[in-house]
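Peer 1:
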Amino acid sequence: MLNQKTSVENVTDVIQVMRAGVEFYQDAIEKVSNPALKSTFTKMATKKATAIQALQPLAIAEQGDIEDGSSFAVESRKIYTKFVAVFSSDEDYTYIKQLEEVEDKVLEVLDDAIDKNQQGQALLILTNIRADAQSMHDKMKTLQQLQKN
1 MLNQKTSVEN
11 VTDVIQVMRA
21 GVEFYQDAIE
31 KVSNPALKST
41 FTKMATKKAT
51 AIQALQPLAI
61 AEQGDIEDGS
71 SFAVESRKIY
81 TKFVAVFSSD
91 EDYTYIKQLE
101 EVEDKVLEVL
111 DDAIDKNQQG
121 QALLILTNIR
131 ADAQSMHDKM
141 KTLQQLQKN
């Protein structure tokens, strides 16, 4: 367990973006038609939820309490996607494209948090989650390229 004197920064930002990402994936699961995409999105949402749980002790060290908010940037993308999907002939591709952008945002906030000179256990947790996030981003990028063809 991290002690309260541990210096942790920007972890709450990571949690907010990931939480909004989970909600976005859950929304996409209901909207896409392809069963394989539904399965992939379910796995992605689960991985993000697991990462959030791993990050909560860092959030407590950072702000004294768990983080339960979500990112406005991701929420806006979710609204935009719903709007675009109404007019799109390929709703699955629209969700994949926007979720790949969400994964870009996750990597960005993780990099920002890691760059804050985190210490010990905090750096280890963030680095491990960053590796997983890169994998999820790469998966979404591949899906995007496959859907485009």
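Quick note on full-length UniProt numbering: the sequence shown kicks off at 1 and runs consecutively. The beta-carbon is built from N, C-alpha and C at its ideal position, and this holds for glycine as well. No experiment lies behind these values; they were computed from the predicted model shown.
1) Have a look at K38 and A45 and give me their C-alpha separation to the nearest angstrom.
2) Could you check if Q98 is buried or exposed, using at least 16 other CB atoms within 10 Å of its CB as the buried criterion?
3) Are the Cβ atoms of I125 and A54 separated by less than 8 Å?
4) When DSSP labels each residue in this structure, what does V11 get in the three-state scheme?
5) If you check the beta carbons only, do K148 and Y93 fall under 8 Å apart?
6) What's the call for K5, buried or exposed, on a 16-neighbour Cβ count within 10 Å?
7) How long is the line joining the alpha carbons of Q145 and Y95, rounded to whole angstroms?
8) Looking at G21: is its Cβ nearer than 8 Å to the Cβ of V106?
Peer 2: So, from the listed chains and residues:
1) Residue mapping note: residue 38 aligns to position 38 of the sequence shown, counting from 1. Residue mapping note: residue 45 aligns to position 45 of the sequence shown, counting from 1. Going from the Cα of K38 to the Cα of A45 covers about 11 Å.
2) Numbered from 1 along the sequence shown, position 98 holds the residue referred to as residue 98. Counting Cβ neighbours within 10 Å, Q98 comes out buried, since at least 16 surround it.
3) Taking the sequence shown and counting its residues from 1, the one referred to as residue 125 is at position 125. Taking the sequence shown and counting its residues from 1, the one referred to as residue 54 is at position 54. In contact: I125 and A54 (Cβ atoms closer than 8 Å).
4) Here residue 11 refers to the residue found at position 11 when the sequence shown is read from its first residue. V11: helix per DSSP, three-state reduction.
5) Counting from 1 along the sequence shown, the entry for residue 148 is found at position 148. Counting from 1 along the sequence shown, the entry for residue 93 is found at position 93. Yes, these two residues count as a Cβ contact at 8 Å.
6) Here residue 5 is taken as the residue at index 5 of the sequence shown, counted from 1. Unreliable positioning characterises K5 in this predicted model, as indicated by a pLDDT of 41, which lies under 50. A coordinate reading is not provided.
7) Here the question's residue 145 lines up with position 145 in the sequence shown. Here the question's residue 95 lines up with position 95 in the sequence shown. For Q145 and Y95, the distance between alpha carbons rounds to 13 Å.
8) Mapped onto the sequence shown, residue 21 falls at position 21. Mapped onto the sequence shown, residue 106 falls at position 106. Yes; because the gap between Cβ atoms is below 8 Å, this pair is in contact.
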